[in-house]
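First the structure, in the form of structure tokens, and then the observations on it.
In our numbering, the protein residues as written are 71 to 501.
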């Protein structure tokens, strides 16, 4: 009996509301009609791309996997490096368990996977502020050298230059390389392929737009290329196809720069050039939520009282306040913060020291754009998960599950287990 395979197609910012439209598209529609659907997947808190992707890959919440944000935040410092290296993650990857079980494994454009122990890897790496013509340098030592040698000369131009809309995009690079890998390596048995452009469109224009639907059409075509590659060069009969998202998005009208609030209350000192000199409390943006870092332990109670008053006043649109202990207990979240705040209705949090107290959301920074995420798991549009293949029960439908349930579900499809994780298999969709 042939071994089953897995091909995961990840769409950043895929929302549960997209499913009905996706039914009308040829490739998404085929998987939905032939397979199973988990209508709503609850992301982790914060519902940011990197914490969510690592939760998918480890089956664990951020307090255990160790990646609480996309960025390694520092008070008063912008921009800062992003999490990139596999060694930063505290738990083992699903793909590494699969390799131990004897499966050939491939990750393309997966966050925080640089240097992962898989057979074929082209990780997502965000070089801070880099706009030049040699992005290959950032792959060296972290991607599979054989893949760089075999494909970068042909497709590397898609990653170069100031204007990706002219020169290409990470998605174009990904969808150029992925079918070649399926052909040249006889379809790695476990393969994850991540696409980014829907997230960008929604940040820039809002959640529900004609361009978002056009982007879903593009992603459908990209999935179709991978499915046809498997038909031609792989093992279609024994492949389980999964389409998943990492988080949803929510439309945003206003941006609150809470560092202005903290400064005006005497918790921060700025110099004449608008640079941070010292602070008792500092606000880190997490998109639709924010972290309040207290520098000295003797100030924690004072800051807590101030935040409670700010919440009660209604002046700032705050709806939620959690201590770090509450964040860990309720949401399995730990990080460089003492408090978490969030608006109700949703607002985005700025982080610079120069902005006015409130401003309109605008395209640009993903944390303060026209639509965003990073908030409580039940406030954003949730994401979704659907799949078809020999391990999947055709026609099965589950209303809700969690992001951390996806890894053990995929492990059950392939016949191995992942010990000491937070998630549980979604048994209802499995044969």
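Quick reminder that beta carbons are idealized off the backbone N, C-alpha and C, glycines included.
Environment of residue i [buried if 16+ CB atoms lie within 10 Å]
i           : result
residue 327 : buried
residue 191 : buried
residue 489 : exposed
residue 75  : buried
residue 291 : exposed
residue 505 : Because the chain in this structure spans residues 71 to 501, residue 505 falls outside the shown range and cannot be described.
residue 236 : Model confidence at residue 236 stands at a pLDDT of 49, short of 50, so the residue's coordinates are unreliable; what they give is reported in the following sentence. Per the 10 Å Cβ criterion, exposed.
residue 103 : exposed
residue 367 : exposed
residue 487 : exposed
residue 281 : exposed
residue 141 : buried
residue 128 : buried
residue 495 : buried
residue 186 : buried
residue 394 : buried
residue 325 : buried
Supposed contact pair residue j and residue i - C-beta distance, whole angstroms, cut 8 Å
i           : j           : result
residue 183 : residue 156 : 6 Å
residue 475 : residue 493 : 4 Å
residue 337 : residue 373 : 7 Å
residue 135 : residue 160 : 6 Å
residue 244 : residue 179 : 5 Å
residue 360 : residue 411 : 5 Å
residue 311 : residue 457 : 6 Å
residue 84  : residue 268 : 7 Å
residue 257 : residue 200 : Not quite, the Cβ-Cβ distance comes to about 33 Å (not below 8 Å), so this is no contact.
residue 145 : residue 363 : 6 Å
Residue i - DSSP class collapsed to helix/strand/coil
i           : result
residue 163 : coil
residue 355 : strand
residue 308 : helix
residue 424 : coil
residue 154 : coil
residue 490 : coil
residue 345 : coil
residue 228 : helix
residue 291 : helix
residue 187 : coil
residue 463 : coil
residue 173 : coil
residue 404 : coil
residue 99  : helix
residue 448 : coil
residue 252 : helix
residue 328 : helix
residue 257 : coil
residue 78  : strand
residue 267 : helix
residue 457 : strand
residue 115 : coil
residue 285 : helix
residue 141 : strand
residue 196 : coil
residue 378 : helix
residue 303 : helix
residue 134 : helix
residue 515 : For the chain, the structure presents residues 71 to 501; residue 515 sits outside this window and is missing.
residue 178 : strand
residue 417 : coil
residue 240 : helix
residue 484 : helix
Option nearest residue i by Cα separation, candidates the options
i           : options               : result
residue 198 : 228, 219, 152 and 221 : 152
residue 193 : 365, 73, 454 and 265  : 265
residue 172 : 178, 408 and 164      : 164
residue 181 : 387, 452, 120 and 218 : 120
residue 448 : 95, 114 and 313       : 114
residue 452 : 100, 99 and 112       : 112
residue 424 : 329, 390 and 441      : 329
residue 396 : 498, 126, 78 and 133  : 133
residue 473 : 316, 362 and 189      : 316
residue 446 : 499, 122, 209 and 325 : 122
residue 335 : 90, 376 and 301       : 376
residue 285 : 321, 101 and 92       : 92
residue 442 : 391, 322 and 295      : 322
residue 444 : 333, 240, 273 and 278 : 273
residue 97  : 167, 295 and 146      : 295
residue 166 : 80, 469, 259 and 332  : 259
residue 88  : 217, 203 and 287      : 287
Residue i CB to nearest heavy atom of the ligand ZN below 7 Å
i           : result
residue 409 : With respect to the ligand ZN, the structure shown offers nothing to examine, as it has no ligands at all.
So, does the segment 462–471 touch the segment 426–439, judging by three or more C-beta pairs under 8 Å? No, they do not touch.
Are there three or more Cβ pairs, one per stretch, closer than 8 Å when the segment 411–420 is compared with the segment 396–403? Using a Cβ-Cβ distance cut-off of 8 Å, the segment 411–420 and the segment 396–403 are not in contact, since fewer than three pairs of beta carbons, one from each stretch, lie closer than that value.
How about the segment 350–362 and the segment 435–446: do they share at least three Cβ pairs that are nearer than 8 Å? Per the Cβ contact rule, the segment 350–362 is in contact with the segment 435–446 (3 or more Cβ pairs under 8 Å).
For the segment 338–349 and the segment 104–122, state whether three or more C-beta atom pairs, one from each stretch, are separated by less than 8 Å. Taking one beta carbon from each stretch, the segment 338–349 and the segment 104–122 have fewer than 3 pairs nearer than 8 Å; the two do not touch.
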